[in-house]
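Numbering (the numbering used here), first residue to last: 4 to 430. The beta-carbon is built from N, C-alpha and C at its ideal position, and this holds for glycine as well.
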(Lines of atoms letter the chains of each structure in order from A; the text may use other names.)
(Lines give C-alpha, C1' and ligand atoms only; values in the text may rest on other atoms or scores of the structure.)
Protein backbone atom coordinates (compact mmCIF):
# COMPACT_ATOMS: atom_id res chain seq x y z
CA UNK A 4 0.00 0.00 0.00
CA UNK A 5 2.80 2.41 0.90
CA UNK A 6 4.50 1.51 -2.36
CA UNK A 7 1.37 2.48 -4.31
CA UNK A 8 1.22 5.79 -2.43
CA UNK A 9 4.91 6.39 -3.18
CA UNK A 10 4.32 5.84 -6.88
CA UNK A 11 1.08 7.86 -7.19
CA UNK A 12 2.44 11.40 -7.62
CA UNK A 13 5.44 10.32 -9.77
CA UNK A 14 3.07 8.20 -11.91
CA UNK A 15 0.77 11.21 -12.42
CA UNK A 16 3.66 13.54 -13.32
CA UNK A 17 5.32 11.11 -15.71
CA UNK A 18 1.96 10.23 -17.27
CA UNK A 19 1.38 13.95 -17.92
CA UNK A 20 4.54 13.91 -20.04
CA UNK A 21 2.80 11.40 -22.34
CA UNK A 22 0.15 14.06 -23.03
CA UNK A 23 2.81 16.72 -23.63
CA UNK A 24 4.61 14.80 -26.36
CA UNK A 25 1.24 13.76 -27.83
CA UNK A 26 0.50 17.48 -28.22
CA UNK A 27 3.78 18.02 -30.08
CA UNK A 28 3.18 15.05 -32.39
CA UNK A 29 -0.28 16.06 -33.49
CA UNK A 30 0.07 19.80 -33.75
CA UNK A 31 2.89 18.92 -36.19
CA UNK A 32 1.09 16.55 -38.61
CA UNK A 33 -1.10 19.31 -40.18
CA UNK A 34 2.00 21.50 -40.53
CA UNK A 35 3.06 19.49 -43.59
CA UNK A 36 0.16 21.06 -45.49
CA UNK A 37 0.56 24.45 -43.75
CA UNK A 38 4.28 24.82 -44.55
CA UNK A 39 3.67 23.64 -48.11
CA UNK A 40 1.26 26.56 -48.59
CA UNK A 41 3.24 29.15 -46.64
CA UNK A 42 6.46 28.49 -48.57
CA UNK A 43 4.84 27.44 -51.88
CA UNK A 44 6.36 23.95 -51.81
CA UNK A 45 5.36 20.48 -52.96
CA UNK A 46 3.89 17.94 -50.53
CA UNK A 47 7.22 16.09 -50.68
CA UNK A 48 9.14 19.20 -49.56
CA UNK A 49 6.55 19.76 -46.83
CA UNK A 50 7.23 16.31 -45.40
CA UNK A 51 10.74 17.49 -44.46
CA UNK A 52 8.90 18.61 -41.31
CA UNK A 53 8.30 14.92 -40.54
CA UNK A 54 11.89 14.02 -41.51
CA UNK A 55 13.27 16.59 -39.06
CA UNK A 56 10.68 15.71 -36.42
CA UNK A 57 11.17 11.95 -36.38
CA UNK A 58 14.85 12.24 -37.28
CA UNK A 59 15.35 13.89 -33.87
CA UNK A 60 13.79 10.85 -32.23
CA UNK A 61 16.19 8.58 -34.09
CA UNK A 62 19.35 10.62 -33.53
CA UNK A 63 18.93 11.08 -29.78
CA UNK A 64 17.53 7.71 -28.65
CA UNK A 65 20.81 5.95 -27.81
CA UNK A 66 22.53 9.06 -26.40
CA UNK A 67 19.43 9.40 -24.21
CA UNK A 68 19.71 5.76 -23.09
CA UNK A 69 23.39 6.24 -22.19
CA UNK A 70 22.56 9.42 -20.29
CA UNK A 71 19.74 7.69 -18.38
CA UNK A 72 21.92 4.65 -17.62
CA UNK A 73 24.67 6.91 -16.22
CA UNK A 74 22.37 9.21 -14.24
CA UNK A 75 18.66 8.39 -13.72
CA UNK A 76 15.23 8.30 -15.29
CA UNK A 77 14.41 11.64 -13.61
CA UNK A 78 17.50 13.26 -15.15
CA UNK A 79 16.42 11.92 -18.55
CA UNK A 80 12.93 13.40 -18.13
CA UNK A 81 14.38 16.79 -17.17
CA UNK A 82 16.78 16.79 -20.12
CA UNK A 83 13.87 15.93 -22.40
CA UNK A 84 11.70 18.74 -21.09
CA UNK A 85 14.57 21.20 -21.40
CA UNK A 86 15.22 20.36 -25.06
CA UNK A 87 11.46 20.32 -25.81
CA UNK A 88 11.05 23.85 -24.41
CA UNK A 89 14.16 25.09 -26.22
CA UNK A 90 13.00 23.77 -29.60
CA UNK A 91 9.52 25.25 -29.19
CA UNK A 92 10.87 28.69 -28.23
CA UNK A 93 13.26 28.64 -31.21
CA UNK A 94 10.20 29.07 -33.46
CA UNK A 95 10.37 32.80 -32.70
CA UNK A 96 13.85 33.45 -34.18
CA UNK A 97 13.01 30.98 -36.99
CA UNK A 98 10.05 33.18 -37.96
CA UNK A 99 12.29 36.26 -38.05
CA UNK A 100 14.38 34.66 -40.81
CA UNK A 101 11.33 34.07 -43.01
CA UNK A 102 12.93 30.83 -44.19
CA UNK A 103 11.86 27.17 -43.98
CA UNK A 104 15.04 25.46 -42.79
CA UNK A 105 15.39 27.22 -39.39
CA UNK A 106 11.99 25.72 -38.53
CA UNK A 107 13.35 22.27 -39.34
CA UNK A 108 16.25 22.89 -36.93
CA UNK A 109 13.77 23.94 -34.23
CA UNK A 110 11.71 20.79 -34.86
CA UNK A 111 14.84 18.64 -34.67
CA UNK A 112 15.88 20.10 -31.28
CA UNK A 113 12.31 19.81 -29.98
CA UNK A 114 12.15 16.14 -30.91
CA UNK A 115 15.56 15.41 -29.45
CA UNK A 116 13.75 16.36 -26.25
CA UNK A 117 10.83 14.10 -27.08
CA UNK A 118 13.30 11.25 -27.68
CA UNK A 119 14.70 11.77 -24.18
CA UNK A 120 11.17 11.85 -22.76
CA UNK A 121 9.98 8.67 -24.48
CA UNK A 122 13.21 6.80 -23.77
CA UNK A 123 12.82 7.76 -20.10
CA UNK A 124 9.08 7.73 -19.43
CA UNK A 125 8.01 4.45 -21.05
CA UNK A 126 10.39 2.15 -19.11
CA UNK A 127 10.02 4.35 -16.00
CA UNK A 128 6.28 3.58 -15.99
CA UNK A 129 7.05 -0.12 -16.50
CA UNK A 130 9.27 -0.02 -13.39
CA UNK A 131 6.57 1.51 -11.16
CA UNK A 132 5.05 -1.77 -9.96
CA UNK A 133 5.14 -5.51 -10.61
CA UNK A 134 6.15 -6.88 -14.01
CA UNK A 135 2.95 -8.91 -14.46
CA UNK A 136 0.85 -5.75 -14.83
CA UNK A 137 3.55 -3.68 -16.57
CA UNK A 138 2.04 -3.79 -20.09
CA UNK A 139 -1.42 -2.81 -18.78
CA UNK A 140 0.17 -0.04 -16.70
CA UNK A 141 1.98 1.33 -19.76
CA UNK A 142 -1.22 1.13 -21.81
CA UNK A 143 -3.00 3.14 -19.11
CA UNK A 144 -0.29 5.82 -19.12
CA UNK A 145 -0.33 5.82 -22.93
CA UNK A 146 -4.07 6.56 -22.84
CA UNK A 147 -3.13 10.13 -21.92
CA UNK A 148 -0.89 10.49 -24.98
CA UNK A 149 -3.80 10.76 -27.43
CA UNK A 150 -5.51 13.22 -25.07
CA UNK A 151 -2.53 15.50 -25.64
CA UNK A 152 -2.81 14.67 -29.34
CA UNK A 153 -6.44 15.80 -29.37
CA UNK A 154 -5.41 19.08 -27.81
CA UNK A 155 -2.66 19.48 -30.42
CA UNK A 156 -5.12 18.79 -33.25
CA UNK A 157 -7.64 21.26 -31.81
CA UNK A 158 -5.00 23.97 -31.51
CA UNK A 159 -3.72 23.26 -35.05
CA UNK A 160 -7.24 23.51 -36.47
CA UNK A 161 -8.51 26.56 -34.56
CA UNK A 162 -5.38 28.59 -33.90
CA UNK A 163 -3.31 27.84 -37.01
CA UNK A 164 -5.24 26.40 -39.98
CA UNK A 165 -8.37 28.54 -39.48
CA UNK A 166 -6.29 31.71 -39.03
CA UNK A 167 -3.90 31.34 -41.93
CA UNK A 168 -4.62 33.49 -44.96
CA UNK A 169 -7.42 31.70 -46.90
CA UNK A 170 -5.63 32.11 -50.25
CA UNK A 171 -5.38 28.75 -52.00
CA UNK A 172 -2.16 27.16 -53.21
CA UNK A 173 -2.97 28.27 -56.79
CA UNK A 174 -3.73 31.86 -55.70
CA UNK A 175 -0.47 32.10 -53.76
CA UNK A 176 1.45 30.98 -56.84
CA UNK A 177 0.17 34.08 -58.70
CA UNK A 178 1.31 36.62 -56.09
CA UNK A 179 4.24 38.96 -56.67
CA UNK A 180 7.32 38.48 -54.49
CA UNK A 181 6.44 41.41 -52.22
CA UNK A 182 2.82 40.30 -51.82
CA UNK A 183 3.90 36.74 -51.10
CA UNK A 184 6.50 37.93 -48.55
CA UNK A 185 3.85 39.93 -46.64
CA UNK A 186 1.44 36.99 -46.62
CA UNK A 187 4.19 34.58 -45.52
CA UNK A 188 5.23 36.73 -42.56
CA UNK A 189 1.61 37.11 -41.48
CA UNK A 190 1.05 33.33 -41.67
CA UNK A 191 4.28 32.59 -39.79
CA UNK A 192 3.24 34.87 -36.92
CA UNK A 193 0.03 32.81 -36.65
CA UNK A 194 1.89 29.50 -36.83
CA UNK A 195 4.48 30.19 -34.11
CA UNK A 196 2.14 31.39 -31.34
CA UNK A 197 1.00 27.93 -30.10
CA UNK A 198 4.62 26.71 -30.08
CA UNK A 199 5.72 29.62 -27.90
CA UNK A 200 2.82 28.90 -25.52
CA UNK A 201 3.67 25.20 -25.20
CA UNK A 202 7.33 26.13 -24.66
CA UNK A 203 6.29 28.16 -21.61
CA UNK A 204 4.11 25.28 -20.30
CA UNK A 205 7.01 22.83 -20.67
CA UNK A 206 9.32 25.17 -18.74
CA UNK A 207 6.84 25.13 -15.82
CA UNK A 208 6.59 21.32 -16.00
CA UNK A 209 10.40 21.13 -15.84
CA UNK A 210 10.39 23.06 -12.54
CA UNK A 211 7.59 20.93 -11.04
CA UNK A 212 9.36 17.61 -11.75
CA UNK A 213 12.76 19.00 -10.73
CA UNK A 214 11.34 19.92 -7.30
CA UNK A 215 9.46 16.60 -6.81
CA UNK A 216 11.05 13.54 -5.17
CA UNK A 217 10.90 10.68 -7.67
CA UNK A 218 11.48 6.92 -7.14
CA UNK A 219 14.91 5.58 -8.05
CA UNK A 220 14.10 1.85 -7.80
CA UNK A 221 15.22 1.26 -11.40
CA UNK A 222 18.33 3.47 -11.23
CA UNK A 223 20.78 1.31 -9.27
CA UNK A 224 23.05 0.31 -12.18
CA UNK A 225 24.97 3.27 -13.60
CA UNK A 226 27.51 1.34 -15.68
CA UNK A 227 27.42 2.17 -19.39
CA UNK A 228 28.29 -0.75 -21.70
CA UNK A 229 26.25 0.03 -24.84
CA UNK A 230 27.80 -2.44 -27.29
CA UNK A 231 27.64 -5.39 -24.88
CA UNK A 232 24.07 -4.54 -23.92
CA UNK A 233 22.93 -4.07 -27.52
CA UNK A 234 24.44 -7.38 -28.59
CA UNK A 235 22.64 -9.10 -25.71
CA UNK A 236 19.19 -7.60 -26.29
CA UNK A 237 19.23 -7.89 -30.09
CA UNK A 238 19.89 -11.61 -29.73
CA UNK A 239 16.38 -11.88 -28.21
CA UNK A 240 13.94 -12.60 -31.03
CA UNK A 241 10.85 -10.97 -29.53
CA UNK A 242 12.82 -7.76 -28.86
CA UNK A 243 14.47 -7.66 -32.29
CA UNK A 244 11.18 -8.30 -34.06
CA UNK A 245 9.49 -5.73 -31.81
CA UNK A 246 11.85 -2.99 -33.04
CA UNK A 247 10.95 -3.89 -36.65
CA UNK A 248 7.21 -3.96 -35.87
CA UNK A 249 7.46 -0.60 -34.09
CA UNK A 250 9.18 0.96 -37.12
CA UNK A 251 6.28 -0.01 -39.35
CA UNK A 252 3.64 0.84 -36.74
CA UNK A 253 4.90 4.41 -36.31
CA UNK A 254 5.08 4.71 -40.09
CA UNK A 255 1.45 3.68 -40.54
CA UNK A 256 0.29 5.97 -37.73
CA UNK A 257 2.03 9.04 -39.09
CA UNK A 258 0.96 8.33 -42.67
CA UNK A 259 -2.71 7.90 -41.74
CA UNK A 260 -2.80 11.00 -39.54
CA UNK A 261 -0.72 13.25 -41.79
CA UNK A 262 -2.30 12.46 -45.15
CA UNK A 263 -5.89 12.45 -43.98
CA UNK A 264 -5.58 16.19 -44.73
CA UNK A 265 -4.62 15.54 -48.38
CA UNK A 266 -7.11 12.69 -48.78
CA UNK A 267 -9.95 14.62 -47.17
CA UNK A 268 -9.15 17.87 -49.01
CA UNK A 269 -9.39 16.08 -52.38
CA UNK A 270 -12.69 14.41 -51.48
CA UNK A 271 -14.30 17.51 -49.95
CA UNK A 272 -13.16 19.91 -52.68
CA UNK A 273 -14.82 17.48 -55.08
CA UNK A 274 -18.03 18.16 -53.14
CA UNK A 275 -17.67 21.92 -53.72
CA UNK A 276 -15.80 23.18 -50.64
CA UNK A 277 -12.96 25.71 -50.96
CA UNK A 278 -9.44 24.48 -50.24
CA UNK A 279 -9.28 26.09 -46.77
CA UNK A 280 -12.77 24.85 -45.84
CA UNK A 281 -11.81 21.35 -46.97
CA UNK A 282 -8.58 21.45 -44.95
CA UNK A 283 -10.37 22.57 -41.78
CA UNK A 284 -13.08 19.92 -42.26
CA UNK A 285 -10.39 17.28 -42.81
CA UNK A 286 -8.73 18.32 -39.57
CA UNK A 287 -12.10 17.98 -37.79
CA UNK A 288 -12.26 14.42 -39.11
CA UNK A 289 -8.71 13.91 -37.87
CA UNK A 290 -9.87 14.99 -34.41
CA UNK A 291 -12.76 12.51 -34.64
CA UNK A 292 -10.18 9.85 -35.57
CA UNK A 293 -8.23 10.70 -32.42
CA UNK A 294 -11.39 10.49 -30.27
CA UNK A 295 -11.95 7.04 -31.76
CA UNK A 296 -8.30 6.22 -31.00
CA UNK A 297 -8.59 7.29 -27.33
CA UNK A 298 -11.87 5.42 -26.81
CA UNK A 299 -10.52 2.29 -28.44
CA UNK A 300 -7.35 2.38 -26.32
CA UNK A 301 -9.33 2.36 -23.06
CA UNK A 302 -11.53 -0.47 -24.35
CA UNK A 303 -8.61 -2.55 -25.66
CA UNK A 304 -6.61 -1.99 -22.45
CA UNK A 305 -9.53 -3.59 -20.60
CA UNK A 306 -9.57 -6.54 -23.02
CA UNK A 307 -5.86 -7.15 -22.38
CA UNK A 308 -6.90 -8.67 -19.04
CA UNK A 309 -8.60 -11.51 -20.92
CA UNK A 310 -6.98 -11.73 -24.38
CA UNK A 311 -3.40 -12.61 -25.24
CA UNK A 312 -1.54 -9.38 -26.15
CA UNK A 313 -0.13 -10.86 -29.36
CA UNK A 314 -3.53 -12.16 -30.47
CA UNK A 315 -5.22 -8.81 -29.87
CA UNK A 316 -2.41 -6.99 -31.68
CA UNK A 317 -2.76 -9.29 -34.69
CA UNK A 318 -6.57 -9.00 -34.82
CA UNK A 319 -6.40 -5.21 -34.74
CA UNK A 320 -3.82 -5.23 -37.55
CA UNK A 321 -6.08 -7.46 -39.68
CA UNK A 322 -8.97 -5.03 -39.17
CA UNK A 323 -6.65 -2.12 -40.01
CA UNK A 324 -5.63 -3.87 -43.24
CA UNK A 325 -9.24 -4.32 -44.34
CA UNK A 326 -10.07 -0.68 -43.63
CA UNK A 327 -6.96 0.44 -45.54
CA UNK A 328 -8.21 -1.51 -48.54
CA UNK A 329 -11.39 0.55 -48.20
CA UNK A 330 -9.34 3.76 -48.24
CA UNK A 331 -7.62 2.64 -51.45
CA UNK A 332 -10.55 1.26 -53.42
CA UNK A 333 -13.62 3.12 -52.13
CA UNK A 334 -13.64 6.69 -53.40
CA UNK A 335 -15.45 9.61 -51.75
CA UNK A 336 -16.80 9.91 -48.22
CA UNK A 337 -16.86 6.18 -47.50
CA UNK A 338 -13.13 5.90 -48.21
CA UNK A 339 -12.55 8.90 -45.93
CA UNK A 340 -14.62 7.29 -43.17
CA UNK A 341 -12.54 4.10 -43.51
CA UNK A 342 -9.43 6.25 -42.97
CA UNK A 343 -10.96 7.69 -39.79
CA UNK A 344 -11.88 4.20 -38.55
CA UNK A 345 -8.29 2.92 -38.90
CA UNK A 346 -7.47 4.85 -35.72
CA UNK A 347 -9.53 2.39 -33.68
CA UNK A 348 -7.24 -0.41 -34.87
CA UNK A 349 -4.01 1.51 -34.17
CA UNK A 350 -4.96 2.47 -30.62
CA UNK A 351 -3.27 -0.38 -28.74
CA UNK A 352 -0.31 -1.01 -31.00
CA UNK A 353 2.53 1.23 -29.80
CA UNK A 354 2.39 0.43 -26.05
CA UNK A 355 1.59 -3.25 -26.66
CA UNK A 356 4.57 -3.76 -28.99
CA UNK A 357 6.66 -1.78 -26.50
CA UNK A 358 5.58 -3.85 -23.51
CA UNK A 359 6.04 -7.19 -25.32
CA UNK A 360 9.52 -6.23 -26.56
CA UNK A 361 10.80 -5.03 -23.15
CA UNK A 362 9.30 -7.82 -21.07
CA UNK A 363 11.93 -9.41 -18.84
CA UNK A 364 14.81 -7.14 -19.90
CA UNK A 365 15.34 -5.69 -16.40
CA UNK A 366 17.97 -2.94 -16.36
CA UNK A 367 18.65 -3.60 -20.05
CA UNK A 368 15.24 -1.98 -20.66
CA UNK A 369 17.00 1.41 -20.68
CA UNK A 370 18.86 0.49 -23.86
CA UNK A 371 15.96 -1.63 -25.10
CA UNK A 372 13.74 1.44 -24.88
CA UNK A 373 16.24 3.36 -27.00
CA UNK A 374 16.00 0.79 -29.79
CA UNK A 375 12.21 1.04 -29.75
CA UNK A 376 12.36 4.85 -29.79
CA UNK A 377 14.82 4.74 -32.70
CA UNK A 378 12.17 2.71 -34.50
CA UNK A 379 10.12 5.91 -34.53
CA UNK A 380 12.32 6.66 -37.55
CA UNK A 381 9.51 4.94 -39.44
CA UNK A 382 7.62 8.22 -39.05
CA UNK A 383 10.46 9.98 -40.87
CA UNK A 384 11.19 7.47 -43.64
CA UNK A 385 7.75 6.32 -44.79
CA UNK A 386 5.70 9.57 -45.06
CA UNK A 387 8.04 11.12 -47.70
CA UNK A 388 7.64 7.94 -49.77
CA UNK A 389 3.88 8.30 -49.54
CA UNK A 390 4.12 12.02 -50.34
CA UNK A 391 6.14 11.23 -53.48
CA UNK A 392 3.26 8.99 -54.62
CA UNK A 393 0.67 11.69 -53.79
CA UNK A 394 2.57 14.26 -55.87
CA UNK A 395 1.95 12.07 -58.96
CA UNK A 396 -1.71 13.23 -58.85
CA UNK A 397 -3.00 10.07 -60.62
CA UNK A 398 -1.79 6.46 -60.89
CA UNK A 399 -3.39 3.41 -62.52
CA UNK A 400 -6.47 5.47 -63.31
CA UNK A 401 -6.99 6.24 -59.60
CA UNK A 402 -6.25 9.34 -57.48
CA UNK A 403 -2.62 9.04 -56.37
CA UNK A 404 -3.54 9.82 -52.76
CA UNK A 405 -5.70 6.66 -52.72
CA UNK A 406 -2.94 4.54 -54.26
CA UNK A 407 -0.44 5.90 -51.71
CA UNK A 408 -2.21 4.00 -48.91
CA UNK A 409 -0.67 0.79 -50.23
CA UNK A 410 2.26 1.73 -47.94
CA UNK A 411 0.15 1.69 -44.73
CA UNK A 412 -1.34 -1.63 -45.92
CA UNK A 413 2.14 -3.17 -46.12
CA UNK A 414 2.92 -1.84 -42.63
CA UNK A 415 -0.14 -3.56 -41.19
CA UNK A 416 1.01 -6.85 -42.76
CA UNK A 417 4.27 -6.65 -40.77
CA UNK A 418 2.33 -6.02 -37.54
CA UNK A 419 0.05 -8.99 -38.24
CA UNK A 420 3.15 -11.19 -38.48
CA UNK A 421 4.54 -9.87 -35.17
CA UNK A 422 1.22 -10.35 -33.39
CA UNK A 423 0.98 -13.92 -34.66
CA UNK A 424 4.54 -14.78 -33.63
CA UNK A 425 3.97 -13.27 -30.20
CA UNK A 426 0.78 -15.28 -29.77
CA UNK A 427 2.53 -18.54 -30.75
CA UNK A 428 5.37 -17.85 -28.28
CA UNK A 429 3.12 -16.97 -25.33
CA UNK A 430 -0.08 -19.00 -25.71
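- If you draw a straight line from the Cα of residue 422 to the Cα of residue 344, it comes to about 20 Å.
- Of 239, 105, 14 and 51, the smallest CA-CA separation from residue 261 is found for 51.
- Looking only at 430, 148 and 159, the smallest Cα-Cα distance to residue 298 is reached by 148.
- In this structure, the straight-line span from the alpha carbon of residue 32 to that of residue 365 is close to 35 Å.
- By the Cβ neighbour-count rule, residue 429 is exposed, with fewer than 16 other Cβ atoms within 10 Å of its own.
- When the five nearest sequence neighbours on each side are left out, the beta carbons in the same chain lying within less than 6 Å of the beta carbon of residue 414 are those of 251, 254 and 255, in order along the chain.
- Residue 257 sits away from residue 107, with the two beta carbons spaced by 9 Å or more.
- Where residue 278 is concerned, the enclosing alpha helix (DSSP H) starts and stops at 278-306.
- Note that the C-beta distance between residue 49 and residue 184 is not below 9 Å.
- Cβ-Cβ distances below 7 Å link residue 327 to 345, 408, 411, 412 and 415 in the same chain, with the five nearest sequence neighbours on each side left out; the list follows chain order.
- Taking 9 Å as the cut-off, the Cβ atoms of residue 90 and residue 110 count as close.
- Check the Cα spacing between residue 380 and each of 399, 23, 24 and 61: the tightest is with 61.
- Around the CB of residue 354, 16 or more other CB atoms lie within 10 Å, so the residue is classed as buried.
- The way I'd put it, the region 62-79 doesn't touch the region 395-406; fewer than three beta-carbon pairs between them come closer than 8 Å.
- Residue 131 sits in coil when the DSSP states are folded into three classes, being neither helix nor strand.
- As DSSP reads the structure, residue 397 sits in a beta bridge with 402.
- Shortest Cα-Cα distance from residue 182 to any of 168, 370, 234 and 124 involves 168.
- For residue 211, the CB contacts under 8 Å within the same chain, skipping 5 residues up- and downstream, are 16 in chain order.
- Put simply, of 93, 390, 65 and 358 the residue whose alpha carbon is nearest the alpha carbon of residue 200 is 93.
- Excluding five sequence positions before and after residue 114, the CB atoms of its chain that fall closer than 6 Å to its own CB belong to 56, 59 and 60, given in chain order.
- One Cα belongs to residue 20, the other to residue 121, and the distance between them is close to 9 Å.
- Setting aside the 5 residues that flank it on each side, residue 268 is surrounded in the same chain by 278, 281, 282 and 285, each with a C-beta closer than 7 Å to its C-beta; the list follows chain order.
- In the DSSP annotation of this structure, the continuous segment of the alpha helix (DSSP H) that includes residue 244 starts and ends at 240-261.
- Residues of the same chain with a CB within less than 6 Å of the CB of residue 34, apart from the 5 flanking positions on each side, are 52 in chain order.
- A contact is defined here as three or more CB-CB pairs under 8 Å, and the region 293-309 meets this definition with respect to the region 137-154.
- The residue from 151, 425, 390 and 336 with its alpha-carbon nearest to that of residue 273 is 336.
- Going by beta carbons, residue 425 and residue 316 fall inside the 9 Å limit.
- From the listed residues 95, 81, 332 and 372, the smallest Cα separation to residue 198 is found for 95.
- In the three-state DSSP reduction, residue 16 falls in the helix class (H, G or I).
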